[in-house]
Amino acid sequence: MDFYSCWNILPPGSNSPESGRDEVRFQGGFNRNCGENRITFAGAKWVNNMNNRKLLLILALLLLTPLVHGQEAVPPSSIGQNQSMNANANPKAQPQPQLQSQPHRQLLPQTQAQLAGGQGELPPNPVPVKFEGIVVQVDPLAVKSVSGDVQTFIPSRQEAPAGLRADWPNSGDLVLLTYVPRARGHALTDIEIVGKTIVGTIKEIAEDDSWIVVRTQLPEKREYEVNIPLQASTDFKPLVSAMRQGDGIRATYVREGGINSSDETALVRINHVRSLEWQSEPIGRAARWASLLIAIFVLFMLAYIFTRGHPTHLYLGRDNRYSSSKFQTFLWFWLVISAYIAIVSHRIAAAGWSYVGGVDIPPHLLILSGISVLTFAGAKAITTGKVDEKPDLKQPAPEPKATDLICDDNNRPDLGDFQMVAITILTVIIYAISAVEFMENIEFRRVVTMPDVDATLLSIFGLGQAAYLGKKAAGEG
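Counting in the UniProt record's numbering, the sequence shown runs from 1 upward without gaps.
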């Protein structure tokens with residue numbers, strides 16, 4: 001069912017029965033009886049002079065909206081768009097882990113023989129070095145420290161002595177390694193697993209963001225799930241405050257008394273978070289572009305079907321010419337909706353149907369879309385007013401042409417039309433690239449925000465639309 005927006009405007013100079021003074025009143029609503037999508041105005045005399053106050057109001061709104069909102073400083077956020085935060089990313093801000101003092105273990109005879117034979121001779125007084133981090137590769141063993149430094153160690157698991165093989169860690173384990181620097185690499189002498197990494201879903205978050213409860217599967221029995229409480233330090237609270245129930249996360253933690261505590265008190269010992277981030281699924285650039293282009297094609301096919309094979313009629317004017325204002329609205333919303341479909345499809349493919357939806361629109365993108373609609377409505381109002389005043393003003397064209405988008409009613413190139421169309425196409429290209437890059441890593445978050453447009457692009461877009469409406473109201477010339 002089609003609804004048209006009707007606006008009743010009390011023209012300047014008429015007396016309001018309530019106030020007794022001159023005022024302009026806008027009264028609008030949705031009415032099925034508007035007829036032909038026309039804007040009706042009370043007062044024929046004011047219709048003839050409508051290019052004054054109404055136009056100034058529209059132009060002022062278009063000019064002020066991007067300048068006021070576009071130049072606002074973006075509020076600081078602890079979370080970057082499409083970026084997995086790790087509170088340990090800044091080694092200066094994050095205190096270095098406190099290593100428990102322990103006596104150095106006696107080097108195994110097999111290890112000493114292997115170091116002397118295959119990995120270089122032992123110095124007279126070898127100085128063991130400790131290194132703590134998360135295992136990112138099992139064989140050969142590669143460990144990433146809290147500062148992001150990745151070190152690879154020797155020997156390999158197959159070549160390691162039985163004592164080291166018994167303590168060999170799994171991927172994601174937090175380990176404390178003891179090694180001796182060698183010319184051919186870091187020769188392991190001892191491995192101690194001090195923490196574990198779990199992958200699961202947030203079930204509960206404390207009000208003060210100091211605790212989270214993660215629902216995860218048991219490594220040894222994947223069919224069973226358990227809730228693991230994790231305590232977050234002050235450094236992790238900004239990240240925890242940005243998380244929501246249902247988010248998929250990856251957390252590394254240490255437990256009081258040791259990660260492998262098996263006594264009765266192990267159930268009540270505190271698990272301290274050492275690393276925390278959202279789960280994410282990387283998407284290749286080709287797949288990202290393909291998803292966006294497929295979404296664009298799907299919308300085109302829908303338009304093709306509903307217009308009975310004439311999708312260009314969506315931006316065709318009453319005078320049988322292509323409308324610049326309709327074209328910019330059509331083009332912009334086509335891209336925004338296509339980007340939304342592409343983002344949602346990747347979320348479903350990566351994280352499942354539980355992550356369908358949950359894609360918010362950022363403020364600048366919302367304002368820019370509103371300006372696009374306002375330009376279309378303003379151009380419609382101006383054209384309707386002129387046609388009502390002079391019915392023979394616009395003669396239908398024999399056939400629509402692509403040049404109609406940048407020409408006036410006399411088929412002469414027009415700067416205002418060209419400027420608006422060029423800025424719209426530029427904005428569409430830039431935002432399409434931003435949307436594709438946004439999908440580089442799909443995070444398992446219940447709510448994400450689409451990529452925003454910058455303040456400069458918003459301002460240029462708003463000024464271009466204002467210039468178009470201004471020249472259209474002033475008349476051709």
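For glycine and all other residues, C-beta sits at the position ideal for the given N, C-alpha and C.
Measuring alpha carbon to alpha carbon, tell me which residue in the options is nearest residue i.
i, options, result
"threonine 152", "Gly163, Phe236, Pro181 and Asp167", "Pro181"
"phenylalanine 333", "Gln395, Thr424 and Gly309", "Thr424"
"glycine 172", "Tyr304, Asn320, Gly248 and Val136", "Val136"
"isoleucine 406", "Thr201, Ser323, Leu176 and Ala381", "Ser323"
"tyrosine 179", "Ile249, Phe300 and Glu132", "Glu132"
"threonine 384", "Lys401, Asp319 and Ser291", "Asp319"
"phenylalanine 330", "Val213, Arg250, Ala142 and Leu374", "Leu374"
"glycine 317", "Leu463, Ile367 and Phe376", "Phe376"
"lysine 326", "Gly378, Ser345 and Ile430", "Gly378"
"glycine 257", "Met243, Glu440, Ile367 and His272", "His272"
"lysine 203", "Glu223, Asp247 and Trp353", "Asp247"
"proline 161", "Leu335, Ala187, Tyr431 and Val150", "Ala187"
"leucine 457", "Leu469, Val428 and Lys471", "Val428"
"phenylalanine 438", "Ile367, Ala183 and His346", "His346"
"serine 434", "Lys386, Ala303, Val254 and Leu292", "Leu292"
"leucine 415", "Gln245, Gly470 and Glu440", "Gly470"
"residue 486", "Ile348, Lys144, His364 and Ser280", "The question about residue 486 has no answer, for the chain in this structure spans 1 to 477."
"glutamate 277", "Pro238, Thr403 and Ala183", "Pro238"
"threonine 197", "Leu141, Val254 and Val436", "Val254"
"alanine 432", "Ile337, Ser210 and Thr189", "Ile337"
"glutamine 328", "Val127, Leu368 and Ser354", "Leu368"
"valine 127", "Thr189, Ile270, Asp208 and Leu141", "Thr189"
"glycine 370", "Phe236, Val143 and Gly462", "Gly462"
"phenylalanine 236", "Tyr224, Ser147 and Ser210", "Ser210"
"arginine 184", "Ile154, Arg244, Ala142 and Lys380", "Ile154"
Applying the criterion that 16 or more other CB atoms from any shown protein chain within 10 Å of the CB defines a buried residue, is residue i buried or exposed?
i, result
"isoleucine 361", "exposed"
"glutamine 465", "buried"
"asparagine 410", "exposed"
"isoleucine 191", "buried"
"proline 169", "buried"
"alanine 290", "exposed"
"glutamine 395", "exposed"
"isoleucine 305", "exposed"
"arginine 274", "buried"
"glycine 195", "buried"
"alanine 295", "buried"
"threonine 234", "exposed"
"serine 372", "buried"
"glycine 352", "exposed"
"valine 129", "exposed"
"valine 150", "exposed"
"leucine 218", "exposed"
"aspartate 404", "buried"
"aspartate 208", "exposed"
Under the assumption that residue i contacts residue j (Cβ atoms under 8 Å), give the Cβ distance between them as a whole number of angstroms.
i, j, result
"threonine 216", "isoleucine 228", "6 Å"
"isoleucine 193", "isoleucine 134", "Actually they are not in contact, since the Cβ atoms of isoleucine 193 and isoleucine 134 sit about 11 Å apart, beyond 8 Å."
"alanine 350", "isoleucine 460", "35 Å between Cβ atoms; not a contact."
"valine 226", "alanine 232", "Not really, about 19 Å apart at Cβ, beyond 8 Å."
"alanine 467", "isoleucine 382", "Not really, about 14 Å apart at Cβ, beyond 8 Å."
"threonine 252", "leucine 174", "5 Å"
"glycine 358", "arginine 412", "Contact doesn't hold; Cβ gap of about 49 Å is too wide."
"aspartate 167", "serine 156", "With 8 Å as the limit, aspartate 167 and serine 156 do not qualify as a contact, their Cβ atoms being about 15 Å apart."
"proline 400", "arginine 308", "Wrong, their Cβ atoms sit about 16 Å apart, outside the cutoff."
"glutamine 279", "valine 356", "Between valine 356 and glutamine 279 the Cβ distance is about 17 Å, and since that is not below 8 Å, they are no contact."
"valine 214", "isoleucine 249", "7 Å"
"valine 436", "arginine 269", "So it is not a contact: roughly 46 Å between Cβ atoms."
Going by the DSSP bridge assignment, what does residue i pair with across the sheet?
i, result
"residue 479", "This structure does not reach residue 479, given that the chain is present from 1 up to 477, and the question cannot be answered."
"aspartate 190", "Thr178"
"proline 451", "Answer is none; proline 451 lacks a bridge partner."
"asparagine 441", "Pro282"
"threonine 152", "Ala142"
"phenylalanine 330", "According to DSSP, phenylalanine 330 bridges with nothing at all."
"valine 127", "In the DSSP output, where bridge partners are listed per residue, valine 127 has none listed."
"asparagine 271", "Arg255"
"tyrosine 322", "Leu316"
"glycine 133", "Val175"
"glycine 200", "Thr216 and Ile249"
"aspartate 360", "Thr449"
"leucine 230", "Ile212"
"glycine 195", "Leu174 and Val254"
Quick check: does the Cβ of residue i come within less than 7 Å of any heavy atom belonging to the ligand MN?
i, result
"serine 233", "The ligand MN is not part of this structure, which contains no ligands at all."
Using a beta-carbon distance below 8 Å, is residue i in contact with chain D?
i, result
"lysine 401", "The structure shown has no chain D; it contains just one protein chain."
Validate contact between the region 413–422 and the region 446–458 using beta carbons, cut 8 Å, 3 pairs: no
Any 3 or more C-beta pairs closer than 8 Å across the region 281–290 and the region 306–324: no
Segment contact flag, the region 292–302 with the region 328–344, C-beta cutoff 8 Å, min 3 pairs: yes
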